[in-house]
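Protein chains in written order, with our numbering: chain C, 1 to 287; chain A, 288 to 569.
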């Protein structure tokens, strides 16, 4: 009898403590997502079920341009960031000098600089009358980097933003590979390339994939960079979405959101899976 | 030419050794890309007379600081930014700490589903989430309201405010709490005098991330806060597009300063580990 009362009290306590956070989350996350999915299948004028917004997105030439362009920018960003980040991570992991330690502490700090500030700072350097141009002018060369308001600039900015994150994930993966294994392989006569392609790369493959998936997701939906330094056509999906939303075409905006959600499905799964792993949660929980 | 040859790559490579030479090249390249632009922002912010094509300003001055601080819209935006940051951190704390404690201490049916619910808002791209919230805002009249913007900022902070403190609570030994209870302390007293002091660093780091996240929130506020709630980040879009470059530099420094101060205050608790956690959560 007393035991049952205790259980009741505990249940009530758990419910009461979870309720506020849970209600807000349902209100600002779960309900909006469901509402968006439903809206994307409903005709704005008639209220009847329709596929017209999706048909429009994938068959209208302008809309399709936005999607193809977005995928293209994201893929290029992922490829360039990953190559540079892997090289940086290899260096940070396998060399033990003052310089590598310095870079090792400095590369994570840019996270604390707001994106807009970084974009602005880079703009003042690379725009056609910016610092780079001025330095060239001092040597009598009127060199214009031409990195603003086109795809090159957007990719450059994306790469700058993504390298620290990618490097961090790869460094963590590489720290699991012991130096003695690498050294013994080298002793047996394996070339650097062989050690890399047959040992290091396979061992870090999973984390490389995870990093790629996350970078892909963040670039599929990027807004600020392309809004400020991207071109006018085609648009990246994030900018296109904001434009549609500002024009109050909510059902089309809902459909674009769903497309963005679908493009991010893999990364969402990885994110949920890794954070829900009970292993971390069980170790110290009582009972 | 010969007098400057010590600056040439060949000579440097010889004196430093090839490996060392490339390391220095890497370091310089790294600093130029990741810190160079910010350094130049600093130069711009204190520029006086600065005409094209000079590399550095001819004179230095505070004129752009005065200019920025005289713009009522920009001053107002600072007030909004801090209001939202403080309110969203406090509200997230109040709502999320109990949830974090329960998730850390109790096992119950549906626990995973609840964790899943808390995580899902962060699993998908933010801009899609803001659009989804905005569509509802139009229906219920939250567009352009304080509460509407506040909820957008909460979307960014709640997950961290649950996950990081939950980790902190789990690291407090249960025995410690039980001992306090055995000694006759009530549950609230135990929480405030035993659990909270031990879990404090983790909670403080979560607050810091939430605060920085709220100050840095731009897209969501731009989408649902206009025309009234133009925070510093929203103003920054306009500053980049419409203001003189030197004024933008001053405003940039104003945007970075709170973050730098917070990191300075919190440096004891921030390791590479916490930063990486913050990365993954964000």
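The C-beta atom is built at its ideal place from N, Cα and C for all residues, glycine as well. Predicted model only: the values in this text are computed from it and were never measured.
Determine whether the Cβ of residue 395(A) lies closer than 8 Å to any Cβ atom of chain C. True, the Cβ-Cβ gap to chain C drops below 8 Å.
Would you call the stretch 353-366 of chain A and the stretch 505-520 of chain A touching, i.e. three or more CB-CB distances under 8 Å? With the cut-off at 8 Å, the stretch 353-366 of chain A and the stretch 505-520 of chain A touch.
Expressed to the nearest angstrom, what Euclidean distance is found between the alpha-carbon atoms of residue 92(C) and residue 80(C)? 18 Å
Please list the segments of the beta strand (DSSP E) lying wholly inside the stretch 96-131 of chain C, counting only runs of 3 or more residues, in order along the chain. none
Does residue 287(C) pass the burial test, meaning 16 or more other C-beta atoms within 10 Å, or should it be called exposed? Bear in mind that a pLDDT of 31 at residue 287(C), under 50, signals an unreliable position, so the number given afterwards is only what the model happens to contain. Per the 10 Å Cβ criterion, exposed.
Excluding the 5 residues flanking residue 258(C) on each side, which residues of the same chain have their C-beta closer than 7 Å to its C-beta? 36, 37, 40
Residues near residue 78(C) in its chain [Cβ-Cβ closer than 6 Å; skip 5 each side]: 212, 215, 216
Given that residue 261(C) touches chain A, what residues does it touch there, using C-beta distances under 7 Å? Chain A residues near residue 261(C): 411, 415.
Based on DSSP bridge pairs, tell me the residues matched to residue 410(A). Per DSSP, none; premise fails for residue 410(A).
Assuming residue 260(C) and residue 412(A) make a contact with CB atoms under 8 Å, what is their CB distance in whole Å? Your pair residue 260(C) and residue 412(A) checks out as a contact, with CB atoms roughly 5 Å apart and the cut at 8 Å.
List the residues of chain C whose Cβ lies closer than 7 Å to the Cβ of residue 510(A), in chain order. 242, 245
For residue 451(A), the nearest candidate out of 405(A), 416(A), 435(A), 424(A) (CA to CA): 405(A)
So which residues of chain C does residue 389(A) contact, with C-beta pairs closer than 7 Å? 14, 17, 18
Comparing the C-beta of residue 223(C) with each C-beta of chain A, is any distance below 8 Å? Judged by the 8 Å Cβ criterion, residue 223(C) is in contact with chain A.
Among 479(A), 547(A), 510(A), which residue has its Cα nearest to the Cα of residue 384(A)? Of 479(A), 547(A), 510(A), the residue nearest in Cα terms is 479(A).
How about residue 508(A) and residue 427(A): are their beta carbons less than 8 Å apart? No.
Just how far apart, CA to CA, sit residue 464(A) and residue 396(A)? Looking at the backbone, the Cα of residue 464(A) and that of residue 396(A) are separated by about 24 Å.
According to DSSP, what are the bridge partners of residue 366(A)? Under DSSP, residue 366(A) takes part in no beta bridge, so it has no partner.
Any idea which residues DSSP pairs residue 334(A) with across the strands? 347(A)
Residue 177(C) and residue 203(C) look like a contact to me (Cβ under 8 Å); what is the Cβ gap, rounded to whole Å? 5 Å
Residue 8(C) at chain A interface by Cβ criterion, 8 Å: no
Nearest by alpha-carbon distance to residue 88(C): which of 172(C), 185(C), 188(C) is it? 172(C)
Taking 8 Å as the threshold, find out whether the stretch 111-131 of chain C comes into contact with the stretch 320-328 of chain A through three or more Cβ pairs. yes
Using only CA atoms, which one of 316(A), 417(A), 346(A), 432(A) lies nearest to residue 516(A)? 432(A)
What would DSSP say about residue 284(C), mapped onto helix, strand or coil? With a pLDDT of only 40 at residue 284(C), under 50, the local geometry of the prediction cannot be trusted, and the value read off the model is given with reservation. Residue state, collapsed to three classes: coil.
Given 8 Å, three or more beta-carbon pairs between the stretch 437-449 of chain A and the stretch 372-387 of chain A: yes
Would residue 383(A) pass as an interface residue toward chain C - the criterion being a Cβ-Cβ separation below 8 Å? Residue 383(A) counts as touching chain C.
Applying the 10 Å Cβ sphere with the 16-neighbour rule, what's the burial state of residue 324(A)? buried
Flag this pair as touching only if the stretch 490-497 of chain A and the stretch 546-558 of chain A have three or more C-beta atom pairs under 8 Å; answer yes or no. yes
Would you report the Cα separation of residue 502(A) and residue 322(A), rounded to the nearest angstrom? 21 Å
Taking 8 Å as the threshold (beta carbon to beta carbon), is residue 532(A) in contact with chain C? yes
Count Cβ pairs between the stretch 135-148 of chain C and the stretch 339-356 of chain A that sit closer than 8 Å; are there 3 or more? yes
Would you kindly check if the distance between the Cβ of residue 262(C) and the Cβ of residue 414(A) is under 8 Å? It is not a contact, given that the beta carbons lie outside the stated cut-off.
Could you give the distance in angstroms between the alpha-carbon of residue 474(A) and the alpha-carbon of residue 105(C)? 42 Å
Of all Cβ atoms in chain C, is any one closer than 8 Å to the Cβ of residue 506(A)? Taking Cβ atoms only, chain C reaches closer than 8 Å to residue 506(A), which makes this a yes.
Can you find a CB in chain C that lies within less than 8 Å of the CB of residue 433(A)? no
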